[in-house]
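J.: Numbered per this note's numbering, the first sequence spans residues 376 to 1160.
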Amino acid sequence: MSAELLENLNPEQSDAVTHHDGPLLILAGPGSGKTRVITRRVAWLLHNGIHPSRILAITFTNKAAQEMRDRVEALVPQAKVHISTFHAFGARLLREYGSHFGQERNFTVYDMDDREKLLKIAIEDAGLAPSASNVNSFGAAISKAKNQLITPELFENSVHDYFTQCAAKVFPRYQKRLRESNACDFDDLLYVPALALQKDKDLRSQLDNRWHYTLVDEYQDTNKAQYAIARELNLDHPNICVVGDPDQSIYRFRGSDIRNILDFERDYPAARVIKLGENYRSTRNILAVADALITHNTERKPKPLVTNNQEGKPVRITLHESGDQEAESVAQKIADAVEAKRWFYRDFAVFVRTNALTRSLESAFIQARVPFQIVKGLAFFERKENKDILAYLRLMSNPRDDVAYLRIVNEPARNIGKKTLDTLAQFATAKGMSLLEASRRASLVAGLRPGAVKALVDFSRMMDDLRSQIDQPPASAVTSVLDKSGYRKALSESGLSEDQERLANIEEMITVAAQYAATTPEANIQGFLENVALSSSIDGYNKDQDCVSVMTLHAAKGLEFPVVFMVAMEEGILPSAFALPSGQGDMTNSKEIEEERRLAFVGMTRAMKELYLSHCQERSFRGVTRYALPSRFLAELARARASIETVDRQAPRQRISHDYENEPDPHEWFGEGNEPGTKPPRPVSHSAPAFPGSPSFVKKRVPEPIKIPTGPSLLAADPTHTPRVSPPAFKEGNTVRHQTYGIGLVMELSGMGALRKIKIRFQTAGIRSFILDKAQLELVVKGRS
DNA sequence: TGGATAGATTTTTTT
DNA sequence: AATCTATCCA
């Protein structure tokens, strides 16, 4: 039986799987079979008589946790090992043991949105004025502090400038508001249990004794709070096995500290260290390139990448003219390869540094008819209607959740306006009540209109009624909310097709809730809410669908694909402008650059057979086009030049027109200039140096479009322009065709003149809005007028 | 109170 | 370029 567990393992992997007691550090390079080793190790422990309830396995994402659960289950059926993310584990500790330190069991997990709302209130509590930027920076400072287990008191002691002084005022007030709302933000899920474990010795030893074997994956990405939790649970039974790769540490911005893995041997002197060096994933060429890159990191123990794999194709570096062409080229290449039956769509992945870069890829794929999925946060739960319904569920499960209350108290409209709520909030704060509790006693609040009192009391009665059904399954709870809140009524009566769609989305959520209940033993509303709150972007990734995957480099961690494209390898993008000396980062710039380099390394080492890196001459961002310099990382690959081929896909240079700046090409703003030879020539020599020079963008010298009178007669009188038919007057309800997104329905028109906007719901691409003058739209069917 | 419009804002990455 | 937000008006 146990021989099966050691099948297809090399000696090091086998050692790691069968290591018995004591701390174990597994340094696992990319593609070295790390996941296989962890799952086999869990199975091996079970086979050696360790009770499943004694084993705790921590992964980085829910997806990884689910995969590991499935794999362990396949090896050892019925094994009930606790496998979860750090955050889910923290939430579980809080629910089970929170009463030891005053945390209620039914707390709500606040997402970024909720956090922001509560933070605004806390900033006001501190006598400051919330603004978009300070909410952000206070939020970041507080989050950073909690990740490092810095309490408000400690924070206060380290105040060193005006900003931290203000943050020190906001921090305790924010925590107080969280506790009053019986809520935890993401950071609290680690911070609160970590502090509790450090403070409460009895609790600590009780929990240490509960899990005798701990496994932590992606250990290089743990922050101080996560480190502390792992540490405190492994003092009496130090059978802790951590797996990671310092070269793949990419979450510094979230407080992760690479020292946790580098210092493991210091923290656990008895530690055994096993290195999994052989790479089974990538070709020799891909590894040569990845190795050439990562060697440039200085704060690193040298670690060669070795493989017995074939040499494979050279890694290709392509220079394109523009971001759009780059995207088109990627789409075309994929379409061709699938056409030639060399690969399936699902074999391809495109990695980007920032989510914004997915836009041009999206339209290129649509035009090339290449099926794709953008692996992003679950947009489904971000929809307003779904967030509203979730807020009802939250208020049902936690009546003190003021953020949820504020979200839905007037949704659907109940004539409860801002003034009423301000008065109510004042009362609630003074009495130390939740808003829902205060609503119940609205008649005691001075200064409320009788109508307002009634509306508030009615709302609180409705919520009390819903709360009495807190034990029903999540799916039927959604239905109850829909009916009792009047939400369904409001949507179905509105007559807008948009609202029908909303209703359909909520129906979809009933399905999601039912699915959750079907796969979870002790399903309840609270668990459903937690599941939603802690779901991550990669959880939406579906590897069974035959389509190209587009995702950020961060989301790519832990995955592998036969063919990988990494686009926009440009200074300011990868490495990000934030990591550059001129950027906004702190003084530790080289640390930031090193992390960007690791990010590039993670991307490259996802590739099994083919790797394509590209950058372009110019890139449009937020409506401005600039020259882009090739990423310094491309230059750093020089050592592996034998494994690289470079391609220049720019159009042949045009002759320089002496005064093109004063004679802008009319095609520029009529959007017809796609035929070769009609583009204005670009300045050649005095612009971008060929390879990394100054790490900043050079502004492109694009002729400023001259304002042209838009009257038809004037246009016709101008001999350089063909008369232009005035754009069709679109109306709401029209069916239109967009050049990229295809057929859609006009939902809304707004604004005037050049800025007139149109909002369209597409059959496939969802709802989007455009500037009417710029979008290329064609009327297909006139709707009813 | 909501709707429309003009004006400001985008700050990498995410549990 | 597109989206979010503050402000004005019906």
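The beta carbon of each residue, even a glycine, is placed where N, CA and C say it ideally should be.
With burial defined as no fewer than 16 other Cβ atoms inside 10 Å of the residue's Cβ, what is the status of Leu380: buried or exposed?
T.: Position 5 of the first sequence, counted from the start, is the residue given in the question as residue 380. Its Cβ being crowded by 16 or more others within 10 Å, Leu380 is buried.
J.: Alpha carbon to alpha carbon, how far is Val713 from Met1127? Give it in angstroms, no decimals.
T.: Mapped onto the first sequence, residue 1127 falls at position 752. Mapped onto the first sequence, residue 713 falls at position 338. With a pLDDT of only 48 at Met1127, under 50, the local geometry of the prediction cannot be trusted, and the value read off the model is given with reservation. For Met1127 and Val713, the distance between alpha carbons rounds to 45 angstroms.
J.: To test your reading of the DSSP string, which unbroken beta strand (DSSP E) runs of 3 or more residues are found completely within the segment 706-742?
T.: Counting only runs of 3 or more, we get 723-727.
J.: Could you tell me whether the Cβ atoms of Asn660 and Thr682 are closer together than 8 angstroms?
T.: Against the first sequence, residue 660 aligns to sequence position 285. Against the first sequence, residue 682 aligns to sequence position 307. Cβ distance not < 8 angstroms, so Asn660 and Thr682 don't count as in contact.
J.: Return helix, strand or coil for Val451, following the three-state DSSP convention.
T.: Within the first sequence, the letter at position 76 stands for residue 451. It is coil, neither helix nor strand.
J.: Provide the residue span of the beta strand (DSSP E) that contains Pro825, from first to last.
T.: Translated into positions along the first sequence, residue 825 becomes position 450. Looking at the DSSP string, Pro825 is not in any beta strand (DSSP E); the run it does join, the alpha helix (DSSP H), is 825-842.
J.: With a 10 Å radius around its C-beta and 16 neighbouring C-beta atoms as the bar for buried, classify Thr886 as buried or exposed.
T.: For the purposes of this step, residue 886 is taken as the residue at position 511 of the first sequence. Result: exposed.
J.: Who are Gln748's beta bridge partners in DSSP?
T.: The residue you call residue 748 lines up with position 373 of the first sequence. Answer by DSSP bridge pairing, in chain order: Ser924.
J.: Alpha carbon to alpha carbon, what distance is there between Leu928 and Lys966?
T.: Stepping through the first sequence from its first residue, residue 966 is reached at position 591. Stepping through the first sequence from its first residue, residue 928 is reached at position 553. In a straight line, the C-alpha of Lys966 is about 18 angstroms away from that of Leu928.
J.: Does the separation of the CB atoms of Ile900 and Ser772 fall below 8 angstroms?
T.: Within the first sequence, the letter at position 525 stands for residue 900. Within the first sequence, the letter at position 397 stands for residue 772. Yes; because the gap between Cβ atoms is below 8 angstroms, this pair is in contact.
J.: Take Thr393 and list the residues in its own chain whose beta-carbon comes closer than 7 angstroms to its own, dropping the five residues that flank it on each side.
T.: Indexing the first sequence from 1 puts residue 393 at position 18. The answer, listed in chain order, is Trp419.
J.: Can you list, in chain order, the residues of its chain whose CB lies under 6 angstroms from that of Glu387, leaving out five sequence neighbours each side?
T.: For this step, residue 387 is matched to residue 12 along the first sequence. Excluding residues within five positions, the ones whose Cβ falls inside 6 angstroms are Ile649, Leu651.
J.: Taking just the CA atoms, how far does Val1121 sit from Ile625?
T.: As a position in the first sequence, residue 625 is number 250, starting the count at 1. As a position in the first sequence, residue 1121 is number 746, starting the count at 1. Approximately 42 angstroms between the Cα atoms of the pair.
J.: CB Phe546 to CB Phe530, shorter than 8 angstroms?
T.: Along the first sequence, read from residue 1 onward, the residue named residue 546 stands at position 171. Along the first sequence, read from residue 1 onward, the residue named residue 530 stands at position 155. Taking 8 angstroms as the Cβ cut-off, Phe546 and Phe530 qualify as a contacting pair.
J.: Give me the Cβ distance between Arg972 and Ala667, rounded to the nearest whole Å; I'm assuming they're in contact under 8 angstroms.
T.: What you label residue 972 is simply residue 597 of the first sequence in a count that begins at 1. What you label residue 667 is simply residue 292 of the first sequence in a count that begins at 1. Wrong, their Cβ atoms sit about 11 angstroms apart, outside the cutoff.
J.: Run through DSSP, which three-state label would Asp536 get?
T.: Mapped onto the first sequence, residue 536 falls at position 161. Looking at Asp536 - three-state DSSP - the assignment turns out to be coil, as it is neither helix nor strand.
J.: Report back the beta-carbon spacing between Ser704 and Ala982 to the nearest angstrom; my notes put them in contact at under 8 angstroms.
T.: Counted from its first residue, the first sequence places residue 704 at position 329. Counted from its first residue, the first sequence places residue 982 at position 607. With 8 angstroms as the limit, Ser704 and Ala982 do not qualify as a contact, their Cβ atoms being about 18 angstroms apart.
J.: Give the C-beta separation of Arg775 and Ser556 to the nearest angstrom, bearing in mind that I take them to be a contact with Cβ-Cβ under 8 angstroms.
T.: For the purposes of this step, residue 775 is taken as residue 400 along the first sequence, with counting starting at 1. For the purposes of this step, residue 556 is taken as residue 181 along the first sequence, with counting starting at 1. Between Ser556 and Arg775 the Cβ distance is about 5 angstroms, and since that is below 8 angstroms, they are a contact.
J.: Identify the continuous alpha helix (DSSP H) that holds Ala403 and give its terminal residues.
T.: Position 28 of the first sequence, counted from the first residue, corresponds to residue 403. Run containing Ala403: none in the alpha helix (DSSP H); it sits in the beta strand (DSSP E), 399-403.
J.: How far does the alpha helix (DSSP H) with Pro774 in it extend, from its first residue to its last?
T.: Indexing the first sequence from 1 puts residue 774 at position 399. Looking at the DSSP string, Pro774 is not in any alpha helix (DSSP H), and its letter there is neither H nor E.
J.: Contact check, Pro613 vs Tyr643 under 8 angstroms by CB: the rounded distance?
T.: Counting from 1 along the first sequence, the entry for residue 613 is found at position 238. Counting from 1 along the first sequence, the entry for residue 643 is found at position 268. At roughly 6 angstroms, the Cβ-Cβ gap stays under 8 angstroms, so Pro613 and Tyr643 are in contact.
J.: If we count the other Cβ atoms within 10 Å of its Cβ and call it buried at 16 or more, is Leu1130 buried or exposed?
T.: Residue numbering aside, residue 1130 sits at position 755 when the first sequence is read from its first letter. Any reading at Leu1130 needs caution, since the residue's pLDDT is 47, under 50, leaving its predicted position unreliable; the model's value is listed next. Exposed.
J.: I'd like to confirm the pairing. Which residues does DSSP put opposite Leu990 in its beta bridges?
T.: Against the first sequence, residue 990 aligns to sequence position 615. Note on residue identity: the sequence assigns His, not Leu, to residue 990. DSSP lists Leu694 as partners of His990.
J.: Does the beta-carbon distance from Arg994 to Ala1003 come in below 8 angstroms?
T.: Locating residue 994 in the first sequence gives position 619, counting from the first residue. Locating residue 1003 in the first sequence gives position 628, counting from the first residue. Yes, these two residues count as a Cβ contact at 8 angstroms.
J.: Would you mind listing the beta strand (DSSP E) stretches within the segment 542-626 that are 3+ residues and don't spill past its ends, in chain order?
T.: For the segment 542-626, whole beta strand (DSSP E) runs of length 3 or above, ordered along the chain, are 558-560, 588-591, 614-619.
J.: Buried or exposed: which applies to Ala504, given that a residue is buried once 16 or more other Cβ atoms fall within 10 Å of its Cβ?
T.: What you label residue 504 is simply residue 129 of the first sequence in a count that begins at 1. So Ala504 ends up on the exposed side.
J.: Hey, Ala646 and Leu399: beta-carbon distance below 8 angstroms or not?
T.: For the purposes of this step, residue 646 is taken as residue 271 along the first sequence, with counting starting at 1. For the purposes of this step, residue 399 is taken as residue 24 along the first sequence, with counting starting at 1. Against a cut-off of 8 angstroms, the Cβ pair of Leu399 and Ala646 comes out as a contact.
J.: For Lys650, which residues does DSSP report across the bridge?
T.: Looking up residue 650 in the first sequence gives position 275. Looking at the DSSP assignment, Lys650 forms a beta bridge with Leu402.
J.: Determine the closest residue to Ile604 out of Val484, Phe976, His462, with distance taken between C-alpha atoms.
T.: In the first sequence, the residue the question calls residue 604 occupies position 229. The residue with the shortest Cα to Cα distance from Ile604 is His462.
J.: Can you give me the Cβ contacts of Asp560 inside the same chain, cut-off strictly under 7 angstroms, excluding the 5 residues immediately before and after it?
T.: In the first sequence, counting from the first residue as 1, residue 560 sits at position 185. For Asp560, where only same-chain residues beyond five positions count, the Cβ hits under 7 angstroms are Tyr485, Arg490, Leu553.
J.: Here's a check: name, in chain order, each residue in its chain whose Cβ is nearer than 7 angstroms to the Cβ of Gln601, leaving out the five neighbours to either side.
T.: As a first step, residue 601 must be located in the first sequence, where it is residue number 226. Closer than 7 angstroms at the Cβ level, and outside the excluded window around Gln601, lie Phe461, Leu565.
J.: Determine contact between the segment 786-795 and the segment 816-836, defined as no fewer than three beta-carbon pairs at a distance below 8 angstroms.
T.: The segment 786-795 vs the segment 816-836: in contact.
J.: Given this structure, state the Cα-to-Cα distance separating Gln875 from Phe740, to the nearest angstrom.
T.: Residue numbering aside, residue 875 sits at position 500 when the first sequence is read from its first letter. Residue numbering aside, residue 740 sits at position 365 when the first sequence is read from its first letter. Using only the alpha carbons, I get a separation of about 29 angstroms.
J.: Apply the 10 Å Cβ neighbour rule to Arg1007 and answer buried if 16 or more other Cβ atoms are within range, or exposed otherwise.
T.: Taking the first residue of the first sequence as 1, we reach residue 1007 at position 632. Buried: at least 16 other Cβ atoms inside 10 Å.
J.: Short of 8 angstroms in beta carbon distance, which residues of its chain neighbour His695, apart from the five on each side in sequence? Order them along the chain.
T.: Indexing the first sequence from 1 puts residue 695 at position 320. Correct list, in chain order: Glu701, Ser704, Ser989, His990, Cys991, Gln992, Arg1024, Gln1025.
J.: Could you spell out the range, first to last residue, of the beta strand (DSSP E) harbouring Leu1009?
T.: Against the first sequence, residue 1009 aligns to sequence position 634. No beta strand (DSSP E) holds Leu1009; the alpha helix (DSSP H) holding it covers 1007-1010.
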